[in-house]
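Enquirer: Structure below; questions to follow.
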Amino acid sequence: MFAASDLSKCTKPELYQQLAAQLRALTDDETDPVANMANCAALIFHSVPRLNWAGFYLLKGGELVLGPFQGQPACIRIAIGSGVCGTAAETHTTLRVGDVTKFKGHIACDSASRSEIVVPMLTADSHLIGVLDVDSPEVDRFDAEDEAGLKILAGIMARKL
Ligand code: SME
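Just so you know, the working numbering puts 84 at position 94 of the sequence shown, and the rest follows in order with no gaps.
In structure tokens form, the structure reads like this:
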């Protein structure tokens, strides 16, 4: 059984270090990508405070398709270049959106979302695999420390997909 540690008193960098260690432990002996993404989404959703959605979109047939996630049911297909996810996927850059209502083309899957961070997952030779998408009901929820931490988690996953 997975026993979640009490991470409530950690600093943010410590929290993400702990999550990276837990994610490596959860995925080390498993090769199934769906199982690994499902556990990663659950780990993030239940350990990072003040989120309403955490999960994956994967590049399939030239568009992003919904993968394992935690939160409300979400849009299934997103065109490359559309919304926050499609823009992060197209540009291969992490997008941290402090107020989603100000992002032109934001796709509202869950009306509770106010801020969002999307981290592209790339192969070692820089091909897009998909994105890790994390949403919060709070404006400006994600800072540079969240970005650094989520990039580490997305990197661990990219090497498992
Ligand atoms: N808001 C995203 C769509 C995915 S949901 O947030 C889960 C976007 O604009 O791409």
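The beta-carbon is built from N, C-alpha and C at its ideal position, and this holds for glycine as well.
Need the endpoints of the alpha helix (DSSP H) that I66 sits in, please.
Expert: Counting from 1 along the sequence shown, the entry for residue 66 is found at position 76. Careful: I66 lies outside any alpha helix (DSSP H) and carries neither H nor E.
Enquirer: Using 6 Å as the cut-off, classify the Cβ of D125 as near or not near the heavy atoms of the ligand SME, replying yes or no.
Expert: Residue numbering aside, residue 125 sits at position 135 when the sequence shown is read from its first letter. Closer than 6 Å to some heavy atom of the ligand SME: that describes the Cβ of D125.
Enquirer: Can the beta-carbon of R104 be found less than 7 Å from the beta-carbon of E137?
Expert: As a working note, residue 104 is residue 114 in the sequence shown. As a working note, residue 137 is residue 147 in the sequence shown. No.
Enquirer: Would you report the Cα separation of Q62 and D(-4), rounded to the nearest angstrom?
Expert: Position 72 of the sequence shown, counting from 1, holds the residue named residue 62. Position 6 of the sequence shown, counting from 1, holds the residue named residue -4. In this structure, the CA atom of Q62 is about 25 Å from the CA atom of D(-4).
Enquirer: For E128, does the three-state DSSP call read helix, strand or coil?
Expert: Within the sequence shown, the letter at position 138 stands for residue 128. Here E128 sits in coil by DSSP.
Enquirer: Can you determine whether any heavy atom of the ligand SME sits closer than 6 Å to the C-beta of P107, and answer yes or no?
Expert: Against the sequence shown, residue 107 aligns to sequence position 117. For the record, residue 107 in the displayed sequence is Ile; it is not Pro. The closest heavy atom of the ligand SME lies 6 Å or more from the beta carbon of I107.
Enquirer: What three-state label does DSSP hand Q152 in the structure shown?
Expert: It is not possible to answer for residue 152, since the shown part of the chain is limited to -9 through 151.
Enquirer: Among F59, H82, A134, which has the Cα closest to the Cα of D115?
Expert: Position 125 of the sequence shown, counted from the first residue, corresponds to residue 115. When each option's Cα is compared against that of D115, the closest is H82.
Enquirer: Is the region 40 to 47 touching the region 121 to 135, taking contact as three or more C-beta pairs under 8 Å?
Expert: yes
Enquirer: Residues in the same chain with beta-carbon distance under 8 Å from P23, minus the five sequence neighbours each way, listed in chain order, please.
Expert: The sequence position of residue 23 within the sequence shown is 33, counting from 1. Cβ within range, chain order: K150, L151.
Enquirer: For P110, list the residues DSSP reports as bridge partners.
Expert: Counting from 1 along the sequence shown, the entry for residue 110 is found at position 120. Answer is V121, bridged to P110.
Enquirer: Does the region 93 to 112 come into contact with the region 67 to 85, if we say contact requires no fewer than three beta-carbon pairs (one atom in each stretch) closer than 8 Å?
Expert: yes
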